[in-house]
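Numbering of the sequence shown is given in our numbering, commencing with residue 172 and proceeding in unit increments. All C-beta atoms, glycine included, are put in the ideal place defined by N, C-alpha and C. To start, the structure under review is shown below, and the notes come after it.
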Amino acid sequence: MSRYTIHATRSKSGKVWVLEGCGAVGQVKRLDQAPGLMREAVAYLKNAPIEDVEINLDIQLSEQDARVLADLEQAKAQAKAADREAAAAQRRAARRLHSDGLSLRDVGRIMGISGQRAGQLVNA
Numbered sequence: 172m173s174r175y176t177i178h179a180t181r182s183k184s185g186k187v188w189v190l191e192g193c194g195a196v197g198q199v200k201r202l203d204q205a206p207g208l209m210r211e212a213v214a215y216l217k218n219a220p221i222e223d224v225e226i227n228l229d230i231q232l233s234e235q236d237a238r239v240l241a242d243l244e245q246a247k248a249q250a251k252a253a254d255r256e257a258a259a260a261q262r263r264a265a266r267r268l269h270s271d272g273l274s275l276r277d278v279g280r281i282m283g284i285s286g287q288r289a290g291q292l293v294n295a
């Protein structure tokens, strides 16, 4: 199997993706259509069986779009870090309440979780 990189760029009108690579050029309205179209074109140009052609899309975004996506990735990373801290705080709270002599059922009731989940947190 041979892998070929195809560059996908939005047209100036913004209505289609322009595809280029390996001497092949094409247009699609949606990116999910690109691999099939370009796989066939590259196979023809390379005189190779279509089953032996694998397409890797290199999506070129505008600077503004790339910045928005970078902001999204940063927000997702911050949310993941906050989730980890919340989980650690939940374990600390369950352990503290249980070490004060509360039953696991009471710990669960206070924390809004089941007694079984409280036990998992205490023993984690």
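- Your pair LEU190 and ALA205 checks out as a contact, with CB atoms roughly 6 Å apart and the cut at 8 Å.
- Going by DSSP, GLN198 is part of the beta strand (DSSP E) stretching over 195–199.
- Across the structure, LEU268 and ALA248 are spaced so that their CA atoms are roughly 30 Å apart.
- Sixteen is the threshold: when 16 or more other Cβ atoms of the shown chains lie within 10 Å of the Cβ of ALA195, as they do, the residue is buried.
- One thing to note: ARG276 has its Cβ no nearer than 8 Å to the Cβ of VAL293.
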